[in-house]
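Q: Quick note: to get the numbering used here, add 216 to the position in the sequence shown (first position is 1). Just so you know, even glycine gets a beta-carbon here, dropped at the ideal spot from N, CA and C.
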Amino acid sequence: MRPFSYLRAADDDRAMRAASEPGAMFVAGGTTVVDLLRIDVLRPALLVDVTGLQHGGIEATPSGGVRIGALARNSDVADHPLIRERYPALAEALESGASPQLRNMATVGGNLLQRTRCPYFRDVGAPCNKRVPGMGCAAVDGYARSHAVLGTSDACIATHPSDMCVALVALDAIIHTRRVTGERTIAMTDLHALPGARPEVEHVLERGELITDVELPASAFAKASCYEKVRDRAEFAFALASAAVGLELTGGTIAQARVALGGVATKPWRAREAEAVLAGKPPAQALFERAAAAALAGAVTRPDNAFKVELAKRTIVRALLRATGAKAVHP
Ligand code: SF4
217 MRPFSYLRAA DDDRAMRAAS EPGAMFVAGG TTVVDLLRID VLRPALLVDV TGLQHGGIEA
277 TPSGGVRIGA LARNSDVADH PLIRERYPAL AEALESGASP QLRNMATVGG NLLQRTRCPY
337 FRDVGAPCNK RVPGMGCAAV DGYARSHAVL GTSDACIATH PSDMCVALVA LDAIIHTRRV
397 TGERTIAMTD LHALPGARPE VEHVLERGEL ITDVELPASA FAKASCYEKV RDRAEFAFAL
457 ASAAVGLELT GGTIAQARVA LGGVATKPWR AREAEAVLAG KPPAQALFER AAAAALAGAV
517 TRPDNAFKVE LAKRTIVRAL LRATGAKAVH P
């Protein structure tokens, strides 16, 4: 690990000013940053510790939603009665991520900005455009079993690793931030960037911009939401495919649906094509299978990860069946 300076910020303004300097970065729970410091992937000049700031609360909003402070710990969010009652997909997604020890340390803000688990990104001896722009991508012609099939580019095919973010996309979450020029809100679907030609740009935040809260709006589909995750082992593993879904059922038809995918895309993936298939129709397994096919229609695969297409489809169907209280019927 290389030497760096450390500042424990006393207030938002000090944190934003310090993190605006070149080579500075925020740290909260440290469950990503400290890992990457140790293996020399991150080389900051200054770490700005934000854990002393006042952004840790979880509270109901007057409009029937919930506001979660960016410094709330993942375990506290997953256990909170308001989250369990109103947004079960989020509680399930958080509980499916990492280990209990990591969930006790990791913050919501840090989880939003998790870095990819692409093994080449974490290997400083391998070419990686995300780590060193213009260096090349070892995964494109390398071993790519864990990599993405949606949202990829010639420059990067890494998956976004977060479970929480997939649930937040499905739940129409809104990200609240502060920057030196003032506050702003960002729709969760717009927070992360596709890799395109610049995979090192992972989100739309400016240097020094501080995430303060995540707002979950009231919605008719959130209560009937759930998160399904398929992985190589039952604990402490990243998704091979995951799906967060929410359904509003009115008079025997789906009034509106939300479908988001993880483990298969370069950012937390909103599957609007699937939602369009579901809207206005009575719930049924055959309909869910058509929606799943629509969600994966644009997949671009490699020999190692082609299995993810069928896996993701089945994960979507399983999630939708659970959201409606139905059981799968296998031919
Ligand atoms: Fe780097 Fe992305 Fe290629 Fe992985 S897939 S080696 S993160 S550029």
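Can you give me the C-alpha to C-alpha distance between L366 and V480, rounded to a whole angstrom?
A: The alpha-carbon atoms of L366 and V480 are separated by roughly 6 Å.
Q: Using the three-state DSSP reduction, which class does Q472 fall into: helix, strand or coil?
A: Q472: strand per DSSP, three-state reduction.
Q: Helix, strand or coil: how does DSSP classify F504 here?
A: In this structure, F504 counts as helix in the three-state DSSP scheme.
Q: Helix, strand or coil, according to DSSP, for K529 in the structure here?
A: Of the three classes helix, strand and coil, the one that applies to K529 here is helix, per DSSP.
Q: Does any heavy atom of ligand 1 sit closer than 7 Å to the C-beta of F337?
A: Checking every heavy atom of ligand 1 against the Cβ of F337, one is found closer than 7 Å.
Q: What are the complete alpha helix (DSSP H) segments, minimum 4 residues, inside the region 231-258?
A: You should have 249-254.
Q: For R188, which option in A403, A231, F220 has the closest C-alpha, if you only look at C-alpha atoms?
A: No information on residue 188 is available, as it lies outside the stretch 217 to 547 that the chain covers here.
Q: Which stretch, first to last residue, makes up the alpha helix (DSSP H) that contains V385?
A: Element bounds for V385: 380-386.
Q: Counting pairs of Cβ atoms below 8 Å between the region 388-407 and the region 463-471, do you hit three or more?
A: Flag = no, the region 388-407 and the region 463-471 do not touch.
Q: Shorter than 7 Å, the distance from the beta carbon of R347 to the closest heavy atom of ligand 1, or not?
A: The answer is yes for R347.
Q: Going by DSSP in three states, I390 sits in which element: helix, strand or coil?
A: Correct three-state label for I390: strand.
Q: Kindly indicate the opening and closing residues of the alpha helix (DSSP H) around D292.
A: Start and end: 290-295.
Q: Determine which residues share a DSSP beta bridge with V446 and list them.
A: The partner list for V446 (beta bridge, DSSP) reads A457.
Q: Looking at ligand 1, does it come within less than 7 Å of L363, judged from the CB to the closest heavy atom?
A: The sequence given here has His at residue 363, not Leu. For ligand 1, at least one heavy atom lies less than 7 Å from the Cβ of H363.
Q: Compute the minimum distance between the beta carbon of I373 and the heavy atoms of ligand 1, and state whether it is under 7 Å.
A: Flag set: Cβ of I373 near ligand 1.
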